[in-house]
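Just so you know, the protein sequences line up as chains A and B, in that order. Numbering of the first sequence is given in full-length UniProt numbering, commencing with residue 1 and proceeding in unit increments. Numbering of the second sequence is given in full-length UniProt numbering, commencing with residue 1 and proceeding in unit increments. Beta carbons are placed, not taken as given, at the ideal position from N, Cα and C, and that holds for glycine. First comes the structure, then the notes that go with it.
Protein chains: 2
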Amino acid sequence: MAPPSEGGADALLPDLPKGPLQAYRSRASFCWKELALFLEGEDVLRLKKTIFSTLENDPLFAHSHGEELCLEKCRELSFLRCQRLLELSFLSMEDMVASPLLVQTLIACLGMYDWSLGLKFLLHMLTFGSAIYSSGSERHLKYLPKIFNMEIFGCFAVTELSHGSNAKAVRTTAHYDPTTEEFIIHTPDFEAAKFWVGNMGKTATHAVVFAQLYTPGGQCHGLHSFVVQIRDPKTLLPMPGVMVGDMGKKLGLNGVDNGFAMFHKVRIPRQDLLNRTGDVTPEGTYVTPFKDDKQRFGASLGTLSFGRVTIVGMSIVNLKLAVSIALRFSATRCQFGPTDGEEVPVLEYQMQQWRLLPYLAAIYALDHFSKSLFLDVAELQQGLAGADHGARQAELGREIHALASAGKPLASWTAQRGIQECREACGGHGYLAVNRLGDLRNDNDPNCTYEGDNNVLLQQTSSYLLSLLARHIQGGARVESPLRTVDFLEAYPDILGRRFTCPSVDSCLDSAVPLAAYEWLVCYLLRESHQKLTQEKRSGSNDFEARNNSQVYYCRPLALAFLELTVVRRFHEYTHQPHVPPGLRAVLGRLSALYALWSLSQHTALLYQAERRCSCPGGRDRPSR
Amino acid sequence: MAPPSEGGADALLPDLPKGPLQAYRSRASFCWKELALFLEGEDVLRLKKTIFSTLENDPLFAHSHGEELCLEKCRELSFLRCQRLLELSFLSMEDMVASPLLVQTLIACLGMYDWSLGLKFLLHMLTFGSAIYSSGSERHLKYLPKIFNMEIFGCFAVTELSHGSNAKAVRTTAHYDPTTEEFIIHTPDFEAAKFWVGNMGKTATHAVVFAQLYTPGGQCHGLHSFVVQIRDPKTLLPMPGVMVGDMGKKLGLNGVDNGFAMFHKVRIPRQDLLNRTGDVTPEGTYVTPFKDDKQRFGASLGTLSFGRVTIVGMSIVNLKLAVSIALRFSATRCQFGPTDGEEVPVLEYQMQQWRLLPYLAAIYALDHFSKSLFLDVAELQQGLAGADHGARQAELGREIHALASAGKPLASWTAQRGIQECREACGGHGYLAVNRLGDLRNDNDPNCTYEGDNNVLLQQTSSYLLSLLARHIQGGARVESPLRTVDFLEAYPDILGRRFTCPSVDSCLDSAVPLAAYEWLVCYLLRESHQKLTQEKRSGSNDFEARNNSQVYYCRPLALAFLELTVVRRFHEYTHQPHVPPGLRAVLGRLSALYALWSLSQHTALLYQAERRCSCPGGRDRPSR
């Protein structure tokens, strides 16, 4: 095993303490420091070390394991810690812009400590703050220093009691009054109350509120966002006309004060419309650089993607923690053995390995995907900030939106199932609160829901793929995208003609094999989904019905398989590139193969069915074009 | 639709309040009161009504939704409620013996209210109490009235810190001292501390303690159980030599005080050995009616089965509650629609139906299985109480043990997955604590672990089936069992020769079709498992290795498929019997088909693989005998 090739590794990565895990650790086929350096790089490792040692040495961040905190206290502590974080200022605004991966690292470290803190910080700085920065204009820059020094504390209010997934249908209104040059923010009834808004329950002073914008004369211009002050920053008492409160206990994340708000004709200055995609003149005329509502909506996809990509990373953090706990337990817990007197670590059992090791591999593959997609989003946002409205930028936005909309479901579900498996794999000890698997499960759970229900989000991805195919079939357009994730689909008739042959089991232990199978599977599902939709419409379904009736067995597996393929492909390429250190090639290759094969094996039934359809006489073995 | 055929239905089942669910309810194809009467019977419905109205009218049982209770308070409340339950005495000892289903109903009702209460009651009355009643003898009857009036409060201590699944390896000792006619109960070290014992943390005064029995001279006679006083009933202070405490916060069930205990040479009278399966004379000679340790252990399987069967019922209660919440929400929550202005209930979406309705069907099928198996266990226990040591009784014990050991995994996993699906299907609202899905998930979770980890338990079932096959192959013994769950295996060569043909999709909407497929599947998995084990041993594995290496892909699916088959068969027969009221036949038939097809569809990949193995040239299409 080669020693770490870069200097400073030992300072950044001190040796692990000797203990009961030593026996397993000494059997590793690779140098863990070399792996950490290769995967993370020195800058990230240094930031991690800084954050963790700072938190460890500050009594405000002392964990109170075993001690019971009431809801009120949980929320207060998170708020105080968030305040301290902003004082500590691990990353400057310049660092954040220069190195998106450091932003992701900061979020991950805070989440490893406690997601309630991580989320409060994220919601204030990167959701509220970014919304103002990226949806507003020069006139809103005045808010930024106040965000950084926590003079104001923010939240982001889209969801209403009766509208979550269907965000476009929210019913809060913003009527423009030219006589005073103000917008009147109003909640028509309780079902239109803003709901679930993180930080709104107790602590936020300002909210970015999404409302339907009306100009004088009554024309509605669709959803826009507004900065609305909801509390007095000194007293935290609600502003006049604002009824705001806390939603109470949740299944997890109880350090975050999710809240609701109703607005009774609250007047705000015209300038507090975030006007990047549309503005109202003092006289009350609506102006927008976009041709139609749809295009305007398209331009805001980047912001949605950021949220979803962030959740991919959050989910992986949770899975990392859970799998570490379960594997360490399994390596030291002994139970049963070949003879009555002798017991073996449960990690030695095929069953325990089968339960846990695929999730270990999933962590590495999804973590790499998460980082690479985070960089893609950063590129997209820099283009948007530079006001790039070119065709490539629009295509990139659509592609990233498709990847993020299936990436969030895949990562959050993998983590949720993995954490449950870890909980069970630790037996009774996994059920003790102090061992943290419950918090991880409870804190990961909303990742399946927020920024869009997983099953609903998957439709965005399948629609993207189906629209590419339709353009190809109807107009002969090439199937291609800026990040090249869909380019293989251009050759779908050839790919569907491929047949899998397995010379030996050993030959399958390379992720290239499942990768090829995934390409076939995605082509097959895309063709089947297209045919199903066409057939539904032919038999009289309208668009809405046709789409709904094609989800379960067609579009849903299509979206998931496409995303899995993308994860597998990116990790395969990453682990097989020439500059992988020789001492790490074997272990990274095994992780890549294990994730790809395990993931593909969940589609075994579909592969058998597909093979039968494609090969039996009268079956559909020709492309449908 | 016929009105309820029995009188009194309206008094027992008052009409449901009119509300937003009315629209769906009025579209039911059957009379719900008729269904309730058919499934439950008047006695059960009456007991339910009594229990619920009593709890509703007693302030001690008022739920404190939204209010936060600290751990201490949760535990105190559960204890006080348990005390009140014993005063209320919904069922007398005679009722319990006469009608086991009423016992199951009582447990279910308490669980619907709150599993912490249900479990405290169950652990005291039916685990501690039953252990004394069924493992003890006349000299222990003195404890029973004290249990009924809660003069003493009990717990059941098997598990130790380092031994859970491998219960036979627990290390607490009980040395007999003939000079004082006492046993000396002792914990050799911290790893042998009793652990996880429900009721032990704060409230139990007495424990049934499992320990290795040693007679003078040092001979060990294996695990036996002893009644040990651990606290003073007046002060609740620990008895001399007993170190006992609470384990702290768990992921759920925080009204139950799980505890640990270490015994430092605690002396108890000789008579407090529970001596049904083995006793020690005053002079120190060990006597037992059983020939060997194995036979003695076999006789105690009935008690283990009772625990597991109870958990089947507990899991179904949790799934019932979760699915009711999610379906009611789905019927009233509207989101999206064919046009912008019109939204439809999410229950109308194919996706939502696909997510939830199979779990609705699973409730009915598993609930029937749970009741029927509870009656089987009651029959077994009555036989044991009557000291029936006949061959049929032993066979019945083995069969029920096999059913309970896979029934608990199937039911607890189905519930755990179903509750998570319900949580997600309710979106953000499912994440609010007040909506209870979190408590249900957290309280159901340990069902996957206690009374044996699910994956470990499944081995009991596969071992049972494999031993029947081995006896058949080696000695030509008939494959049969008292409850006839395995009798079809006698014809396994014929069954494996069957091929599935599907004349039409409609023809598959009868549970007879998946039932036949399940028989084929179980025969196939049994043969494959047998061959795998044989091959492992041939290639030099010892028993331990051979078994371990055959779990994941052979024995585990065998045990699950066998149990699913049994559930499907029992529900199919129940729903197709002649006395099913005509108005219920259609809906029960659909539930039976849906559960069977959904359940079978999880094995689709296996069915394809099996078909290929059985039909390709050179494949194994002949029975292996």
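C-alpha distance - residue i paired with residue j, whole-angstrom precision
i      : j      : result
C31/A  : L594/B : 52 Å
N275/B : K249/B : 36 Å
T586/B : G129/B : Note on residue identity: the sequence assigns Ala, not Thr, to residue 586/B. About 43 Å.
F195/B : Y349/A : 24 Å
H472/B : P345/B : 56 Å
Q382/A : I495/A : 36 Å
P188/A : H264/A : 8 Å
W413/A : F306/A : 19 Å
V97/B  : L458/A : 54 Å
L47/A  : I311/A : 21 Å
L35/A  : R27/A  : 15 Å
L12/B  : K49/B  : 7 Å
Q460/B : V568/A : 38 Å
E138/A : D272/A : 11 Å
G428/B : K320/B : 21 Å
K371/A : A362/A : 14 Å
T501/A : A391/B : 54 Å
F544/B : A425/A : 20 Å
Any C-beta of chain A under 8 Å from that of residue i
i      : result
G619/B : Since pLDDT at G619/B reaches only 40, below the 50 mark, its modelled position is unreliable, and the value read off the structure follows with that caveat. For G619/B, the answer is no, since every Cβ of chain A falls outside 8 Å of its Cβ.
Q335/B : yes
L251/B : yes
P240/B : no
Proximity test, Cβ basis, 8 Å: residue i and chain B
i      : result
R308/A : no
G248/A : yes
L16/A  : no
G164/A : yes
G438/A : yes
P338/A : yes
Beta-carbon proximity of residue i to residue j, cut-off 8 Å
i             : j      : result
V228/A        : A207/A : yes
residue 658/B : D445/B : A question about residue 658/B goes unanswered here, because the residues of chain B that appear run from 1 up to 625.
M200/A        : V170/A : no
A610/A        : Y524/A : yes
D367/A        : W115/A : no
F61/B         : L55/B  : yes
N149/A        : L91/A  : no
K120/B        : F79/B  : yes
Y464/B        : R398/B : yes
Residue i (DSSP reduced to helix, strand or coil)
i             : result
R499/B        : coil
C614/B        : helix
D15/B         : coil
S225/B        : strand
P4/A          : The predicted model places P4/A with a pLDDT of 44, which falls under 50 and marks its position as unreliable; any figure quoted below should be read in that light. Residue state, collapsed to three classes: coil.
R392/A        : helix
Y214/B        : strand
D510/A        : coil
residue 626/B : Only positions 1 to 625 of chain B appear in this structure, which leaves residue 626/B out of reach.
Y24/B         : helix
H206/A        : strand
Q | Residues, ordered as in the chain, of the UniProt domain "Acyl-CoA oxidase C-terminal" (512–610) of chain A that lie near chain B by beta-carbon distance below 7 Å | A | N542, F544, N548, N549, Q551, V552, T604, A605, Y608
Q: Could you run through the segment 423–435 of chain A and flag, in chain order, every residue whose CB is less than 8 Å away from some CB of chain B?
A: R423, E424, G427, G428, G430, Y431, L432, A433, V434
Q: Determine which residues of the segment 62–82 of chain B have a Cβ less than 8 Å from any Cβ of chain A, and write them out in chain order.
A: G66, E68, C70, L71
**Q.** Members of the segment 441–457 of chain A near chain B, C-beta cut-off 9 Å
**A.** R441, N442, D445, P446, C448, T449, Y450, D453, N454, N455, V456
**Q.** chain E contacts made by the segment 345–364 of chain B, where a contact means CB separation under 8 Å
**A.** The chain labelled as chain E is not found among the protein chains of the depicted structure, namely A and B.
**Q.** chain A contacts made by the segment 31–58 of chain B, where a contact means CB separation under 9 Å
**A.** none
(Q) Against chain A, which members of the segment 187–202 of chain B pass a CB distance test of less than 9 Å? (A) F195, W196
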